[in-house]
Structures are given as C-alpha cells and as structure tokens.
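Input: a single structure, listed below in structure tokens.
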Amino acid sequence: MTKRHLQDLLDQARDLQPATSQRRRDFLRLCAAAGIAPTLLSLGAKDALASNPKEIVLSAWGGEARSAFRSAYMDPFTKASGIRMGYDSSPEDGKIKAMVENRNVIWDVMDLDGFAAIKLGKQGFLRPIDYSVVGRNTLPGLGSDFGVPSYLLSYVLVYDARKYGANPPKNWADFWNVGKFPGKRGLWKWMGGALEAALMADGVDKDKVYPIDVPRALKKLKELRSNVLLWDSGADSLQLLRNGEVSMACVWHTRANVIQRESNGRFRYTWEQGLASCDVWGVPKNNPSGDAVWQFIKFVQGVEPQVRLLSLLGNGPVTPAATAAVPQALRADNPGTPENWAKQCKVNPEWWAQHYEATLAQYTDLMSS
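Numbering of the sequence shown is given in the working numbering, commencing with residue 5 and proceeding in unit increments.
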C-alpha cells in the first residue's frame, strides 16, 4: 500500500466518523483496510502516518555531498534507529514554498543557508526547531529559531604561491592591491564573501563588518571590477586558478584545501579575514516523518558524524565537543579550529535574511556593467 493510498483511506475514514450505525461500520472497515486503530484518527491523518515513520528524506545539494552525507550521517542513523534515509537534491526556496503551500511536502530535513532558514521560517514555511530534543551546544553565534547548525563553511583567499614567491598576499587589502600583486581576481557570481571582503580591504575591522555598509562595499568593489573574473561553481573557481586566468580568488575553504593538496602547495590559502559561516538543518511545515526528524538532527550533532563529515568533505564541526575531537592531521583544514576561527569574520545570517535579494541585485548590476 502506498503512502498516498493510505492517506486517502485515512481521509475517508475520518469523514465517516459521525456515528450512525452504517457509517460506523464503514468507518471501522476503512480503518482495518488502512491497518490502524480507530483511536489514532483523533490525532489527525498526518500524525497517524508520522507516528511510526519508515523513512526520513533529506534534501541537499548533490555532488560530493550526497555520498559524504550518506556515509557520515544517513547510514549510521539508519543503523542506530532502524529508520531508512532517502535523499533528494536542490532544496531551493521556491520548491520549499510550493511544497508547503500545496500541502505536498516530500522532504523532512533540508541543508539550507542560515539566512534562508531565517527568512523561510519567518514567512511560515518551516517548523520552529524543537530545542527540547535538539542540542543548542554549538559554537557561539550559530543557529536560529528555524535552523540548526549542520556544518561550517568559510570563504578564504587562495593565491598562486609560485607567482608571488616569498611575499604572498596576506589579507583582502592585498587582494585589492593589483599594483603590488598583479593578476586577475576571482569572486563568486552569487556574491558570497565579496561585500565583507571589500569592507575589510577598505579598512573595516573583521569584527565590525556588520551591519554591512552596502554603498561603501560596492564602491570598493567597483575599484577592482576590471580585474575580476566571476566563478559560478566550486569546480569553476579552481579551474580559473589552474588555468592561470586568475592569480587570487575568494573561494570556499573546501575547494581551497583541494587545490592546495593537488598542486603540492603551488596554490595556498590563508584563514586571515576568512568569512566563517554555517549551513543549517531546516524542517518544512507538515514534513512526512513528523517529530522523528528531530532524532535525526540530534544524532548528526554527535561527535562521530561531525568529525566523519570533516574527513570526507572538509566541512567543519559545529559543536565544541566535535571540534575538540578533530584529529591533529585535520586541524589545519578545519575552519572551527580555535586558531582558525579567531582569524575570521563571522557571517551574520540575520542581516542577510533581511538584505540578500536587494543587495545581490546591486552586486550583479555592478559586476556585469
């Protein structure tokens, strides 16, 4: 029996609850066909379906993340709980809104930007996080009412060490200084890290970047624009470096680790003035597995899953306990290692939840003009 068929039986049975004798017989027949006790219908059809879920569906962004999430999170959770894990891709805002509005939600938990979770939650598309089950024991400043920190991700400055020799760039001011450090620069097409980097290049302290002075940041970006090539994907960001099209780039730290290793140190990066952020777990309203999803999120906050993901994908743990458990060999690659964390500007998802669309439009207009 499919879940859709079961849902239809439940809806029919609920409609037959008025207590004539014939309707009661039909009501009991449909309950039997659905394989549930009549008393469960007092919970509502959805709750009856979710009371003993057989599957939790995670939606993330595909690629390498799929196999890493399955190895670090999904398979271990299934082994521990007996609940299967399904996977789907591309948890875009528009898809989430359409699912909830049409009451056709197929995802239980989603890998989201922190600011996207705040925005979607305030718009009524996400469930508030049940912090009576899920831990709040993450690194300071992470998470929100609608998003549980899942992993750390930073934007960092990568440079061609062969080109700059014994005097490499050290910060965003150097990134902007094309006289002292000749060559093209790489920035993300979708703006991540660019405005914060521009302000730090203009002399703003890393701890005073927020609230972002957008006109000032755009003015600074305009100074560099003729020397910028935009990258569209993580693979694209590295290809610009490998091909020599850019000599420096602002890229995800996971990609920076890859190119540093594969090039035997020709390309290097610095945590200095990196942009530290985290993705979060968000739960859509009316998710099929109901409250079982909190058990999954609680499980993946554990030390072993967090450290496992770092070893597979390079994304950092979000809890102090998992950060402390990172093996020495991986500490230099982890954005949350205390010495790396202290050097970075902390991205403010609350600010971006309010300003992302308008600011992206201005950035896109500037960089394409």
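All C-beta atoms in this analysis are idealised placements derived from N, C-alpha and C, irrespective of residue type, glycine included.
If we call anything under 8 Å between Cβ atoms a contact, is residue i one with residue j?
i, j, result
"V311", "V330", "yes"
"T274", "L317", "no"
"D149", "G125", "yes"
"G90", "V109", "no"
"S230", "Q348", "no"
"L233", "L244", "yes"
"Y155", "C282", "yes"
"W3", "W192", "Summary: the structure shown does not reach residue 3, with the chain confined to residues 5 through 373, and so no result is reported for it."
"F119", "A280", "no"
"L199", "V218", "yes"
"P95", "S63", "yes"
"K302", "G145", "no"
"L314", "N344", "no"
"P132", "V322", "no"
"L370", "K226", "yes"
"M204", "Y367", "no"
"A102", "G190", "no"
Can you give me the C-alpha to C-alpha distance between residue i and residue j, rounded to a whole angstrom?
i, j, result
"N291", "W65", "19 Å"
"G67", "W111", "18 Å"
"S293", "V287", "10 Å"
"R107", "I263", "44 Å"
"Y135", "A221", "37 Å"
"P186", "S251", "8 Å"
"G340", "R88", "31 Å"
"P173", "E266", "21 Å"
"K167", "P342", "30 Å"
"G320", "D115", "15 Å"
"V137", "R272", "41 Å"
"Q277", "A336", "16 Å"
"R246", "V284", "31 Å"
"K289", "P80", "26 Å"
"K223", "L130", "36 Å"
"E105", "K123", "16 Å"
"V255", "V160", "6 Å"
"E59", "G86", "9 Å"
"G197", "F300", "31 Å"
"D295", "M78", "17 Å"
"K188", "P353", "29 Å"
"P215", "W355", "7 Å"
"G207", "F179", "13 Å"
"W176", "A202", "7 Å"
"V162", "A260", "6 Å"
"R74", "V113", "14 Å"
"A84", "D92", "22 Å"
"I100", "A121", "11 Å"
"A346", "D117", "22 Å"
"A333", "S237", "28 Å"
"N181", "G139", "44 Å"
"N171", "G183", "14 Å"
"G98", "G169", "47 Å"
"V307", "L143", "13 Å"
"V213", "P309", "33 Å"
"D240", "R270", "18 Å"
"A325", "A69", "23 Å"
DSSP state of residue i, grouped into three classes?
i, result
"D117", "strand"
"R88", "strand"
"R272", "strand"
"A177", "helix"
"E343", "helix"
"G151", "strand"
"I133", "coil"
"I110", "coil"
"I216", "coil"
"E354", "helix"
"M371", "helix"
"A38", "In this prediction, A38 has a pLDDT of 46, which is less than 50 and means its spatial position is unreliable; what the coordinates show is noted afterwards. Reduced to three states, the DSSP call for A38 is helix."
Identify the residues that DSSP records as bridge partners of residue i: which are they?
i, result
"M252", "Y163 and R189"
"S235", "With the sequence shown as reference, residue 235 is identified as Trp, and Ser is not the correct amino acid for it. Answer by DSSP bridge pairing, in chain order: W192."
"S158", "A280"
"P144", "DSSP output for P144 lists no bridge partner at all."
"A64", "S93"
"E59", "R88"
Taking only heavy atoms of the ligand HEM into account, decide whether any of them is closer than 7 Å to the Cβ of residue i.
i, result
"P324", "Ligands in the displayed structure: none, and consequently the ligand HEM is not present."
* Can you check the segment 282 to 325 for any beta strand (DSSP E) of at least 3 residues that lies completely inside it and give the ranges in chain order? => none
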